[in-house]
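Chemist: Before anything else, here's the structure in question.
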Amino acid sequence: MEGPALTVAAKRRHESLLRTLAQPTNTVPKLADDTNFEFNVIASEELPEYARLDLFHRAVYPFMLLAQFFAVMPLIGIREPNPRRVRFAYKSLPMIVTVTFIAATLTIFAAMLKHLLEIGINAKNFVGLVFFGCVLLACVVFIRLARRWPHLIRYWTRTELVFTRAPYEMPKRNLYKRVQLAGLMIIGLSMSEHAMFQISVILSYKRRIQLCSAAANVTAVTSFEDYARTNYDYAFQWLPYNPVMAALLLLINGACTFVWNYMDLFIMMVSKGLSYRFEQITARIRKLEHEEVAESTFIEIREHYVKMCELLEYVDSSMSSLILLSCVNNLYFVCYQLLNVFNKLRWPINYIYFWYSLLYLIGRTAFVFLTAADINEESKRGLGILRRVSSKSWCVEVERLIFQMTTQVVALSGKKFYFLTRRLLFGMAGTIVTYELVLLQFDEPNRRKGLLPLCA
Amino acid sequence: MKFLPAKLERKFRRLKKHARSPLMRKLDVMHERARQKVFQQSCDEYKDQKESEFECRKRPTKMPGGSRETYLSDGTFHQAVGRVLLVAEFFAMMPVKGVTGKHPGDLSFSWRNVRTCFCLVFITSSVANFGLSLFKVLNNPISFNSIKPIIFRGSVLLVLIVALRLAQKWPALMMYWHEVEQGLPQYPSQLAKWQMGRTIRMVMLVGMMLSFAEHLLSIVSAINYAWYCNGTSDPIKNFFLLTNDEIFYVTSYSTTLALWGKFQNVYSTFIWNYMDMFVMIVSIGLAAKFRQLNNDLRNFKGMHMAPSYWSERRIQYRTICILCDKMDDAISLITMVSFSNNLYFICVQLLRSLNTMPSVAHAVYFYFSLIFLIGRTLAVSLYSASVHDESRVTLRYLRCVPKDSWCPEVKRFSEEVISDEVALSGMKFFHLTRKLVLSVAGTIVTYELVLIQFHEDNDLWDCKQSYYS
């Protein structure tokens, strides 16, 4: 008879059974993963000084901060030098501003749509709808990008930290200066374009009132109310008029113009950031041209090149919708403006504004395309030097790198439908000219009618 | 209580065959009871635990799409596509026996089967309908719009004949597909297995629902038109006279002919939609195979793997490419008919949108059908382009192979992936990639610009004209 022994054994088994049942599932303790190590968060090393490094985050943050004032890309913590502090939250001030802006633009869009459905849509007045529609879509796309931005910028900084140390050299103009120059240029030109638009409209309005009242022998009365009612008649059919509403309308119009330009500015900044790193790789390869190089150097170069390609693919998958939207937008507006090239306009100020805005549009489109195509160009520039590597330094890694550079298309894309290369710009220019020739034929009878009577 | 002295007590106990003293016996009894109690307790707890586990098993957690069949499915293409082909069989397409079976070995095609006979009867009736349509169109002035019924009926007829030939080859194709699937790396989880089946079912469901809605709207619009152009006193007769005008061009009205015309119409609309669904479903299946291989490669990204591993993966990639080739040969004609069809119908409908809409019902039907058409074309293009895209993703993992594991096998693999164009095609004239979508959009815009030049605004509701012009 086992007696007490069985009792004790059974008790022990019983207790252990209870213990295993009562224990929660063992969670593996969070070890420091690779990200921590690459960010140098080890006790022995000090944190890199993000403020002094030549990083993309530091180059881009002034423009992203400016954009937040215009209710685009709502993020928190952009000003901090450490990219880990960038966060996106639904309940934050930037998000509230963005949502308000979207609501206001949606109201204007709806008012315009209602007005156009009443008077009938044609190719000429459709452009306003397209403008506001594009701005709304751009806001939504930017919010979705902002949700992915914290993870993206951390991955980006992690990848490019390697390029901030030796043996990579900083090119002549560093990233910060390049981005600032291009960004300030675009913002300056777009602001002057908007200013000229306002001047042109105001002057036309004044002259029209003067001429019409002189013709009808009535005193000329120009006022802000009259001006707002004439130019934004579609909005004031729906909304009640008061000066605050009119001022808000003008403000939202200005903000929409900024968002419309910001799409291209953002793509340009990201392209510059990526092609800068490829330029550094090319420079390093160029330095090795006449030297005897160990295989380990080539292994390292190829590894960094692959890392950059992966970063590019990740950025492309996040930004593809934005690029597609921007391309469609630019294409439509360039086609539309080119259609009006042979139109007769009433006053010289209208001619000045029209040509300035046309040249600005074409220039901005070409600039963004060329900057984005630069990534593709930079990535292949090392090929010439690699092919000249001496037989002593030749190894499998060089062969692999050449194979990669020749066969893979390293470029941003519009949802993988087309890749932003120089060939595409050329093709698009040809397509635009073809369509313009056909569309100009269409418009010939309308244009022969000339200017409409001034005082209706 | 002690009655006897200790010695005698012990002798007495031995006589009584008691080994222990009363105290010990009491303790024994107490221990026994306690032990039994604990034992019972632990047994009860054990039983409760087992019961609760059993309860959990009796009511499994509701997984999305979780029915017994999906729980037991193997994640193979044959099982995923079974129900879709069954629906098609009711509409006289793909008369293969045993599509809902578990193993593709159950598939068989025979000329004497009831399905095949139904299919042949339907083909004959479609030929008759096509002939009548052709006769009517050729006897009237021909324009870009007026050949619409011929294109519609002609493409449906062509697809039916091609589907019959495909049904003959289908058992062999599915057996080969099964072989390829057996050779691929295993799915990591049950949910991953059912992913392809779920996508296929969702695509089929959404497609069928939208096409059914479009057909209902077309009937509503036709009723509206018939009520407006009341040629005779019977509204039903008006309706049939208008929608099946090619039949009543040569014969006089009769109910059987009208019903035959309606039946033909419904089946043709289904087959016209099913073309695109079929291409989409085959693309989803092929892309899923490439994805299976890529997911396995991703697990070992950047690691040092033996050459035998790369050799195995290369051979698996090759078998999937051969499978893609075989499927392409089988459905190439359907793909080409589907794409040309879509191109023509989008051009025609965009041209008709320039006319003024006679009524709200007609406007609703027209814009819904235009958006459905464009959406369906876009979906087919994107799903079939995904086969090509998925086949290129392999390169991403090959370029991360470290120097020490680089061997001729990996080199051969990467060169194969780069140089081979793996994609579905339309009779090898064009390959279905994302670039094609852009060029098709450009083609449509170009043709529209030219056609708009020759457009004259005609009244859509001129009762003397055909409903389709």
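Protein sequence lines correspond, in order, to chains A and B. Take 8 as the starting number for the first sequence in this note's numbering and just add one per residue. Take -18 as the starting number for the second sequence in this note's numbering and just add one per residue. From the three backbone atoms N, C-alpha and C, an ideal C-beta is built for every residue, glycine too. This structure is a prediction, so every number in the text was calculated from the model and none was measured.
So, using beta-carbon positions, are V184 of chain B and M261 of chain B closer together than 7 Å?
Modeler: yes
Chemist: One question on the structure: do T237 of chain B and A203 of chain B come within less than 7 Å of each other, judged by their Cβ atoms?
Modeler: Result no, Cβ atoms of T237 of chain B and A203 of chain B do not sit closer than 7 Å.
Chemist: In three-state terms, what does DSSP make of G407 of chain B?
Modeler: strand
Chemist: Closer than 8 Å by C-beta to L459 of chain A: which residues in its own chain qualify, once you throw out the five before and the five after it? Chain order, please.
Modeler: none
Chemist: When you compare only the Cα positions, how much space is there between V143 of chain B and A311 of chain B?
Modeler: 9 Å
Chemist: Starting from the C-beta of T105 of chain A, find all residues in its chain whose C-beta is less than 6 Å away, skip the five residues before and the five after it, and write them out in chain order.
Modeler: A78, P81
Chemist: Name the two residues that bound the continuous alpha helix (DSSP H) containing V79 of chain A.
Modeler: V79 of chain A -> no alpha helix (DSSP H), and no H or E assigned at all.
Chemist: Measure the Cβ-Cβ separation of F111 of chain B and L139 of chain B and say whether it is below 7 Å.
Modeler: no
Chemist: Can you tell me whether H122 of chain A is helix, strand or coil according to DSSP?
Modeler: Reduced to three states, the DSSP call for H122 of chain A is helix.
Chemist: Under 8 Å, with one C-beta from each stretch per pair, do the region 377 to 393 of chain A and the region 291 to 299 of chain A reach the 3-pair mark?
Modeler: yes
Chemist: My output table needs one value for H412 of chain B: the three-state DSSP class, helix, strand or coil.
Modeler: strand
Chemist: Quick check: A189 of chain A and M275 of chain A, are their CB atoms within less than 7 Å of each other?
Modeler: yes
Chemist: Check for me: the alpha helix (DSSP H) holding L377 of chain A runs from which residue to which?
Modeler: 355 to 387
Chemist: Report buried or exposed for D41 of chain A, applying the criterion of at least 16 other Cβ atoms within 10 angstroms of its Cβ.
Modeler: Summary for D41 of chain A: the model assigns pLDDT 47, below 50, so the residue's position carries little reliability, and this model does not support an answer.
Chemist: So which residues of chain A does D370 of chain B contact, with C-beta pairs closer than 9 Å?
Modeler: K423
Chemist: If the cut is a Cβ gap below 7 Å, which residues of chain A does R415 of chain B touch?
Modeler: K423, F424
Chemist: Could you give the residue range of the alpha helix (DSSP H) that holds C334 of chain A?
Modeler: 302 to 346
Chemist: May I ask you to report which of helix, strand or coil DSSP gives D40 of chain A?
Modeler: The pLDDT assigned to D40 of chain A is 44, lower than 50, so where the model puts this residue is not dependable; a value taken from the coordinates is nonetheless given after this. Here D40 of chain A sits in coil by DSSP.
Chemist: In the region -10 to 16 of chain B, which residues sit with their C-beta less than 9 Å from some C-beta in chain A, listed in chain order?
Modeler: D9, H12, E13, A15, R16
Chemist: According to DSSP, simplified to helix, strand and coil, what is R94 of chain A?
Modeler: Three-state result, R94 of chain A: strand.
Chemist: State the DSSP-derived secondary structure class of E9 of chain A, mapped to helix, strand or coil.
Modeler: Note on E9 of chain A: pLDDT 44, under 50, position unreliable in the model; the coordinate value appears next. Coil.
Chemist: At what residues does the alpha helix (DSSP H) containing S233 of chain B begin and finish?
Modeler: Per DSSP, S233 of chain B belongs to no alpha helix (DSSP H) and is neither H nor E.
Chemist: DSSP three-state label for S89 of chain B, please.
Modeler: strand
Chemist: So, is D309 of chain B buried or exposed, given that buried needs 16 or more other C-beta atoms within 10 angstroms?
Modeler: Looking at its Cβ environment, which holds 16 or more other Cβ atoms inside 10 Å, D309 of chain B is buried.
Chemist: CA-CA distance, P250 of chain A and E232 of chain A?
Modeler: 7 Å
Chemist: Residues of the region 384 to 400 of chain B in Cβ contact with chain A at a cutoff of 9 Å, in chain order, please.
Modeler: K384, W387, K392, S395, E396, I399, S400
Chemist: Quick one: does R454 of chain A have its CB under 7 Å from some CB of chain B?
Modeler: no
Chemist: Is T166 of chain A close to chain B? Criterion is C-beta to C-beta, closer than 7 Å.
Modeler: no
Chemist: How many Å lie between M156 of chain B and G164 of chain B at the Cα?
Modeler: Approximately 13 Å between the Cα atoms of the pair.
Chemist: State yes or no: is the beta carbon of V403 of chain A nearer than 7 Å to at least one beta carbon in chain B?
Modeler: yes
Chemist: Find the residues of chain A that neighbour R294 of chain B, judging by a C-beta separation of less than 8 Å, and give them in chain order.
Modeler: Correct list: empty, because the minimum Cβ distance to chain A is about 18 Å.
Chemist: List the residues of chain B that I306 of chain A touches, going by C-beta distances under 7 Å, in chain order.
Modeler: K384
Chemist: Give me the residue from A:G127, A:G370, A:P90 with the minimum Cα distance to L335 of chain B.
Modeler: A:G127
Chemist: Skipping 5 residues on each side, what residues in its chain have a beta carbon closer than 7 Å to that of Y363 of chain A?
Modeler: E200, M203
Chemist: Just mark M465 of chain A as buried or exposed, buried being the case when its beta carbon has 16 or more other beta carbons within 10 Å.
Modeler: As displayed, chain A neither begins before 8 nor continues past 463, which places residue 465 of chain A out of reach and without an answer.
Chemist: Among A:F410, A:Q287, A:C402, A:M102, which one has its Cα closest to the Cα of L376 of chain B?
Modeler: L376 of chain B has its Cα closest to that of A:F410, out of A:F410, A:Q287, A:C402, A:M102.
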